[in-house]
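To keep things clear, I will list the structure first and then write my remarks on it.
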Amino acid sequence: MLVCGIDIGTTNLKVALFEDGRLRWIGTAATPRTRDEFGPVVDAAALVREIEAMLTRGWREVGGGAPIAAISATGVGEDGLCVDAKLTPLGPALPWFDLRARTEADDLAAGDAATPRAGIVIDPTRTASKWLWTARHRPDEIAAARSWIALADYPLARWAGAAFMSDTLASRTGCYDAGAGAWIAPLLDASAAPPLPPVVTAGTVIGTVRSLELLRSGAVDDSTLLVAGGHDHPVAAHAIHRLAPDARVDSLGTANVVCGNAPRFDVVAFDPLLSFMASTEGPGQLACVGVFDFTGTVNRFTGGMDAVRRVLDLPVMPGAPAPLPTPPFGSERQLLEWATLNARRMLERLDQYGVPQGPIFATGGWSRSRALLELRASIYGAPIRAPEEKELSVRGAALLATAAAGGEASFETAVAVVEPNEAWRRHYTVIFADVTD
Numbered sequence: 006m007l008v009c010g011i012d013i014g015t016t017n018l019k020v021a022l023f024e025d026g027r028l029r030w031i032g033t034a035a036t037p038r039t040r041d042e043f044g045p046v047v048d049a050a051a052l053v054r055e056i057e058a059m060l061t062r063g064w065r066e067v068g069g070g071a072p073i074a075a076i077s078a079t080g081v082g083e084d085g086l087c088v089d090a091k092l093t094p095l096g097p098a099l100p101w102f103d104l105r106a107r108t109e110a111d112d113l114a115a116g117d118a119a120t121p122r123a124g125i126v127i128d129p130t131r132t133a134s135k136w137l138w139t140a141r142h143r144p145d146e147i148a149a150a151r152s153w154i155a156l157a158d159y160p161l162a163r164w165a166g167a168a169f170m171s172d173t174l175a176s177r178t179g180c181y182d183a184g185a186g187a188w189i190a191p192l193l194d195a196s197a198a199p200p201l202p203p204v205v206t207a208g209t210v211i212g213t214v215r216s217l218e219l220l221r222s223g224a225v226d227d228s229t230l231l232v233a234g235g236h237d238h239p240v241a242a243h244a245i246h247r248l249a250p251d252a253r254v255d256s257l258g259t260a261n262v263v264c265g266n267a268p269r270f271d272v273v274a275f276d277p278l279l280s281f282m283a284s285t286e287g288p289g290q291l292a293c294v295g296v297f298d299f300t301g302t303v304n305r306f307t308g309g310m311d312a313v314r315r316v317l318d319l320p321v322m323p324g325a326p327a328p329l330p331t332p333p334f335g336s337e338r339q340l341l342e343w344a345t346l347n348a349r350r351m352l353e354r355l356d357q358y359g360v361p362q363g364p365i366f367a368t369g370g371w372s373r374s375r376a377l378l379e380l381r382a383s384i385y386g387a388p389i390r391a392p393e394e395k396e397l398s399v400r401g402a403a404l405l406a407t408a409a410a411g412g413e414a415s416f417e418t419a420v421a422v423v424e425p426n427e428a429w430r431r432h433y434t435v436i437f438a439d440v441t442d
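For the sequence shown, our numbering begins at 6 and goes up steadily by one.
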């Protein structure tokens with residue numbers, strides 16, 4: 006059985022084909038992005054065309070035999086767009102990292118509707134802030150909208166002809182109570198939210214392919230299932246949890262995201278280190294998620310990304326542990342130490358919410374750096390496991406597609422274990438105590 010996993014990332018767009026659990030083909034392209042008068046935007050229609058071209062090319066390159074049985078998509082958490090009754094975009098999608106909605110975020114965070122039930126603090130990256138910004142700056146777009154669709158869900162919605170929202174993406178809006186599985190009406194009103202589609206859990210079959218353009222390619226037929234995925238970090242974690250159900254995930258991509266699943270609980274207070282959202286493992290769980298802007302921090306370093314990348318390409322982290330790394334940083338190592346000390350704070354905070362103390366698994370592009378993993382293991386005081394397969398977001402989406410199509414949703418991959426450097430570990434144990442104080 007051939008299935009497809011799609012990952013619409015901040016930096017890259019990936020389309021992968023898996024046959025009976027084996028990766029057959031993967032294509033990567035830069036996530037298509039343009040600019041309006043305020044900042045970066047995404048043309049969702051162009052994005053869908055690019056995905057269709059990649060999917061068709063991959064299917065032909067693996068032999069062009071039986072059509073794809075099922076497709077699932079994952080991707081960025083907060084981006085989305087208003088659409089008309091035919092699901093045609095009424096305007097561009099605003100990327101999560103665009104900060105045009107600072108004023109709106111401040112207004113919402115200070116307003117009477119703000120509540121910890123949303124599981125996440127309102128800031129300029131949240132969808133709610135972008136909704137209010139759009140209502141103030143492009144009111145005709147909101148007024149004409151028949152629905153709003155998250156960018157990661159949009160290709161499947163377009164192909165099925167049915168709007169929907171994955172629950173892990175609803176959680177990133179800042180207006181969704183994941184514990185109750187319901188929207189928070191006062192926050193929707195305060196955000197001037199457009200009409201919203203039904204919210205579904207990961208693995209829900211949305212429908213089958215109705216898009217004539219995609220059907221003509223031969224890569225799919227009218228029985229190809231379209232399966233809800235959701236936010237990329239929990240979907241990648243879904244793949245890791247097939248290897249270790251109690252794993253804690255250290256996702257090292259454009260953002261550093263630490264996450265683990267806990268039995269569902271009522272969120273009664275904001276946590277400065279974590280947010281709480283729907284889990285890909287089902288409604289009985291909540292995902293506890295810590296986010297650190299790794300790339301943004303690196304880009305503010307004197308040498309920028311190029312300098313840090315050169316260090317991460319080395320087999321061992323150069324230099325010696327810093328006494329207490331704080332900005333401004335004197336070396337790339339100090340910056341990476343500071344970032345990892347912050348990640349350890351998030352990892353340890355997971356304990357308070359009942360997340361199992363399972364093994365730490367690293368994923369994402371930067372997990373390819375053994376030097377970085379040894380440093381992080383030394384700061385965490387625990388081994389880090391790194392799956393040989395790195396494309397875990399598309400793998401997680403493919404597992405959801407496989408399960409929906411009645412296949413065996415499991416996979417195997419070699420897992421490297423990176424141990425702490427014992428001398429570094431002793432040093433960082435003392436340093437971490439100073440940081441937490």
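Glycine included, each C-beta is placed from N, C-alpha and C at the ideal position.
What span of residues does the alpha helix (DSSP H) with residue i cover, start to end?
{"i": "residue 60", "result": "49-66"}
{"i": "residue 337", "result": "337-354"}
{"i": "residue 115", "result": "107-115"}
{"i": "residue 310", "result": "309-317"}
{"i": "residue 2", "result": "The shown model of the chain, from 6 to 442, leaves out residue 2, and the question about it has no answer."}
{"i": "residue 174", "result": "172-175"}
{"i": "residue 161", "result": "159-165"}
Among the residues of its own chain, which have a CB less than 6 Å from the CB of residue i, if the five just before and after it don't count?
{"i": "residue 24", "result": "7"}
{"i": "residue 361", "result": "251"}
{"i": "residue 129", "result": "104, 106, 107 and 110"}
{"i": "residue 178", "result": "132 and 133"}
{"i": "residue 484", "result": "Outside the shown range of the chain, which is 6 to 442, sits residue 484, and nothing can be said about it."}
What residue range does the beta strand (DSSP E) around residue i cover?
{"i": "residue 19", "result": "17-24"}
{"i": "residue 213", "result": "210-213"}
{"i": "residue 155", "result": "152-155"}
{"i": "residue 274", "result": "Looking at the DSSP string, residue 274 is not in any beta strand (DSSP E), and its letter there is neither H nor E."}
{"i": "residue 324", "result": "First-last for residue 324: undefined, no H or E at that position."}
{"i": "residue 86", "result": "85-88"}
Per DSSP, which residues does residue i bridge with? Please list them.
{"i": "residue 27", "result": "24"}
{"i": "residue 181", "result": "188"}
{"i": "residue 290", "result": "268"}
{"i": "residue 13", "result": "18 and 80"}
{"i": "residue 262", "result": "256 and 296"}
{"i": "residue 35", "result": "17"}
{"i": "residue 40", "result": "45"}
{"i": "residue 282", "result": "292"}
{"i": "residue 7", "result": "24"}
{"i": "residue 440", "result": "In DSSP, residue 440 forms no bridge with anything."}
{"i": "residue 94", "result": "88"}
{"i": "residue 75", "result": "8 and 230"}
{"i": "residue 205", "result": "171"}
So, at 8 Å on beta carbons, what are the nonlocal neighbours of residue i in its own chain, with the 5 sequence-adjacent residues on each side left out?
{"i": "residue 90", "result": "151"}
{"i": "residue 14", "result": "36, 80, 81, 237, 258, 259 and 398"}
{"i": "residue 205", "result": "169, 170, 171, 172, 211 and 233"}
{"i": "residue 276", "result": "354"}
{"i": "residue 268", "result": "289, 290, 291 and 359"}
Assuming residue i contacts residue j (C-beta within less than 8 Å), just tell me the rounded distance between them.
{"i": "residue 157", "j": "residue 234", "result": "7 Å"}
{"i": "residue 95", "j": "residue 146", "result": "5 Å"}
{"i": "residue 168", "j": "residue 175", "result": "With 8 Å as the limit, residue 168 and residue 175 do not qualify as a contact, their Cβ atoms being about 13 Å apart."}
{"i": "residue 392", "j": "residue 418", "result": "5 Å"}
{"i": "residue 60", "j": "residue 244", "result": "Going by Cβ atoms, the distance from residue 60 to residue 244 rounds to 20 Å, so no, they are not a contact pair."}
{"i": "residue 300", "j": "residue 73", "result": "Not confirmed; about 33 Å, so no contact."}
In chain order, what residues of the same chain lie with their CB nearer than 7 Å to the CB of residue i, ignoring the 5 residues before and after it?
{"i": "residue 317", "result": "371, 374, 376 and 377"}
{"i": "residue 440", "result": "346"}
{"i": "residue 208", "result": "232, 233, 405, 408 and 409"}
{"i": "residue 336", "result": "324"}
{"i": "residue 315", "result": "none"}
{"i": "residue 271", "result": "184"}
Would you list, in sequence order, the uninterrupted alpha helix (DSSP H) runs of no fewer than 4 residues that lie entirely inside the region 359-435?
List check, alpha helix (DSSP H) in window: 375-385 and 397-409.
Of all the beta strand (DSSP E) runs that stay within the bounds of the region 217-260, which reach a length of 3 or more residues?
Whole beta strand (DSSP E) segments, 3+ residues: 230-236 and 253-257.
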